[in-house]
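K.L.:
Keeping their order, the protein sequence lines are chains C and U. Take 1 as the starting number for the first sequence in UniProt numbering and just add one per residue. Take 1 as the starting number for the second sequence in UniProt numbering and just add one per residue. Ideal Cβ positions, reconstructed from N, Cα and C, are used throughout, including at glycine. Everything numeric in this text was worked out from a predicted model, so none of it was measured. Can you keep this structure in mind? I'll have questions shortly.
Number of protein chains: 2
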Amino acid sequence: MVMTEEREAARVNHDAAMPVYRQLAAILRDQIASGHLAAGRVIPTEKVLMEVHDLGRDSVRKALALLREAQLIESVPGRGTFVTENGQALALEQAKGQ
Amino acid sequence: MVMTEEREAARVNHDAAMPVYRQLAAILRDQIASGHLAAGRVIPTEKVLMEVHDLGRDSVRKALALLREAQLIESVPGRGTFVTENGQALALEQAKGQ
DNA sequence: CAGCATTTGTACGTATGTATG
DNA sequence: ACATACATACGTACAAATGCT
């Protein structure tokens, strides 16, 4: 049996107590902390996140807003959303505390 | 002619360049800074703000979210939205810088 | 240069859930 | 039980910025 670095991509649970937008924020934060999403042009588009997690745009944008407030990511209209310079470091810090 | 302390209540301009939710946030912030909205149970309900400024709930909630981030207000489900302890002081600080 | 597709931003509406009084 | 008020979550439409053709 071959062990790989791959894991099941975390998914939002629509029935969980935690709001889906917080779940998505946590998932993305962990992916940033783990380096799975690295600096540069990384975060999938809102459209992709909507499709992958079966969410409305509202929830996706709320999740990204949380990460923006935490200065893990930055968005640029017409281009996309990026992990900030020290995004991974910040995400690691925050992941520790939780 | 009698001078009063009353002034025209500032209103959102739907045709301005600045997004209406930022306009509303600025209006409320100034009202807090001026003491027109004091600590305690102050901020009008979302419903009232929607009607007074002819805005959708989205815009009203975005405006309040900005003030929450700035720690000027706090909201409690079922009760309402309140100016924080040091809300006026904070609002004054921010009003200076703008 | 114009035109087009992509992507984020703003703004509206609606429905339902949760907390308070 | 009920009304009020904020929270979550879905949807739509259009605007603005970017990059490509």
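Which class does residue 102 of chain C belong to by DSSP, given the choice of helix, strand or coil?
P.N.:
Because chain C here runs from 1 to 98, residue 102 of chain C falls outside it and cannot be looked at.
K.L.:
Count the other C-beta atoms from every protein chain shown that fall within 10 angstroms of the C-beta of alanine 16 of chain U, then say buried if there are 16 or more, exposed otherwise.
P.N.:
With fewer than 16 Cβ atoms within 10 Å of its Cβ, alanine 16 of chain U is classed as exposed.
K.L.:
Pick from C:Glu46, C:Ser34, C:Ile27: whose alpha carbon is nearest that of glycine 80 of chain C?
P.N.:
Closest option to glycine 80 of chain C, Cα to Cα, is C:Glu46.
K.L.:
Would you list, in sequence order, the uninterrupted alpha helix (DSSP H) runs of no fewer than 4 residues that lie entirely inside the UniProt domain "HTH gntR-type" (18-86) of chain U?
P.N.:
Entirely contained in the UniProt domain "HTH gntR-type" (18-86) of chain U, the alpha helix (DSSP H) runs reaching 4 residues are, in chain order, 20-33, 46-53, 57-69.
K.L.:
Residues in the same chain with beta-carbon distance under 8 angstroms from glutamate 85 of chain U, minus the five sequence neighbours each way, listed in chain order, please.
P.N.:
Within the same chain, Cβ atoms closer than 8 angstroms to the Cβ of glutamate 85 of chain U are found at Ala39, the five residues on either side in sequence being excluded.
K.L.:
So what's alanine 91 of chain U in DSSP terms, helix, strand or just coil?
P.N.:
helix
K.L.:
Mark arginine 11 of chain U as exposed unless 16 or more other C-beta atoms lie within 10 angstroms of its C-beta, in which case mark it buried.
P.N.:
exposed
K.L.:
Our contact map puts aspartate 30 of chain U next to alanine 95 of chain U with C-beta atoms below 8 angstroms; I'd like the distance itself, whole angstroms only.
P.N.:
6 angstroms
K.L.:
Does the distance from the CB of valine 60 of chain C to the CB of methionine 50 of chain C come in under 8 angstroms?
P.N.:
yes
K.L.:
So isoleucine 27 of chain U and glycine 87 of chain U are supposed to be a Cβ contact under 8 angstroms. How far apart are they, rounded?
P.N.:
Incorrect: roughly 15 angstroms between the Cβ atoms, too far for contact.
K.L.:
Just checking my contact of alanine 63 of chain U with tyrosine 21 of chain U at CB under 8 angstroms: how many whole Å lie between their CB atoms?
P.N.:
5 angstroms
K.L.:
Would alanine 89 of chain U be called buried (16 or more neighbouring beta carbons within 10 Å of its own) or exposed?
P.N.:
exposed
K.L.:
How big is the Cα-Cα spacing for histidine 14 of chain U and alanine 25 of chain U?
P.N.:
C-alpha separation (whole angstroms): 14 angstroms.
K.L.:
With 16 as the cutoff for other CB atoms within 10 Å, does alanine 91 of chain C come out buried or exposed?
P.N.:
buried
K.L.:
Roughly how many angstroms lie between the CA atoms of histidine 36 of chain U and valine 76 of chain C, to the nearest whole one?
P.N.:
37 angstroms
K.L.:
If we ignore side chains and look at the alpha-carbon of each, how far apart do valine 48 of chain C and alanine 9 of chain C end up?
P.N.:
Take the alpha-carbon of valine 48 of chain C and the one of alanine 9 of chain C: they are about 14 angstroms apart.
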